[in-house]
Amino acid sequence: MKKQIGNALALYPTPLVVVGTMVNGKPNWALVGHVGIIGHDRVLLSMAKPHYTNRGIRETGKLSINIVDEKLLPLADRAGCVTGAKEDKSELFPYIIGDSGTPIIEQAPVVMECTVDDIYVTEGFESFICKIDRTLAEERVLDDSGRIDYRVMKPILFEMPTYEYLSTGDVIGKCMSFGNKD
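Residue numbers for the sequence shown follow this note's numbering, beginning at 101 and rising by one.
Next up, the structure:
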């Protein structure tokens, strides 16, 4: 028997990312756990309205999404512990400036440079609907076909109700292999 637990958001865990953008001419970084796919070339980042980083995203219309792996986790976690409004986070990560002018974390195994298409505002949140302009990946996380191999990259997942980080697990099967009777 199922128990009614209110309107709990039950889609966690989600990939953990660090969002980079320019604020007042300097790179700023924010740890983000609300990330979603809304098409093959669009993503949605939902961030609390008071985030300092939101100002830069609104002003520039550009951001980077840096996927966090275990090696990057300690610095990524630090990015979530402090606000750029009180502490300069521009030098938290070694970075380069990407083609679109966004800061990109050098250590991130995969990075998407994005342009903001729209901003959807809800109570307490700004959700940035972003077009993926280009994706950069370290060669070590690519398979022989040039696709990202998540078993090698091992992205960190974020689980909201408990505020815990999870590591990715083993492959349990191929999509559409369990129910396919052909």
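Even for Gly, the Cβ is constructed at its ideal location relative to N, Cα and C.
Cβ distance (whole Å) where residue i is taken to contact residue j below 8 Å
i	j	result
Y152	V117	About 17 Å separates the two Cβ atoms, so there is no contact after all.
S200	K231	About 11 Å; that fails the 8 Å criterion.
P115	I167	6 Å
L192	W129	6 Å
V271	R251	6 Å
G139	S164	Contact doesn't hold; Cβ gap of about 19 Å is too wide.
S190	P113	Actually they are not in contact, since the Cβ atoms of S190 and P113 sit about 29 Å apart, beyond 8 Å.
Beta-carbon proximity of residue i to residue j, cut-off 8 Å
i	j	result
P209	A237	yes
G120	P203	yes
D177	M253	no
G133	V143	no
I219	E213	no
Cβ-based neighbour list, residue i, same chain, cut-off 7 Å, excluding 5 preceding and 5 following
i	result
I248	V210, A237, V241, L242
L175	L192, F193
S146	H134, F225, S227
N154	M147, E226
I157	T121, L163, V216, F228
Beta-bridge pairing of residue i - partner residues as DSSP gives them
i	result
Y220	S227
P127	M122
R240	The partner list for R240 (beta bridge, DSSP) is empty, contrary to what the question assumes.
G136	L144
P203	I197
M212	I165, T235
L257	P115, L266
I248	L242
Contacting residues, own chain, Cβ-Cβ under 8 Å from residue i (five flanking each side not counted)
i	result
G224	A148, K149
S267	E170, K254, I256, L257
T215	G161, K162, S200, C230, K231, D233
D141	K231, I232
A108	P261
K102	none
E206	F193, P194, Y195, I196
Residues of its chain near residue i, where Cβ-Cβ distance is below 6 Å and the 5 sequence neighbours each way are ignored
i	result
D217	I229, K231
T235	M212
Touching by the beta-carbon criterion (3+ pairs, under 8 Å), the stretch 255–269 and the stretch 181–195: no
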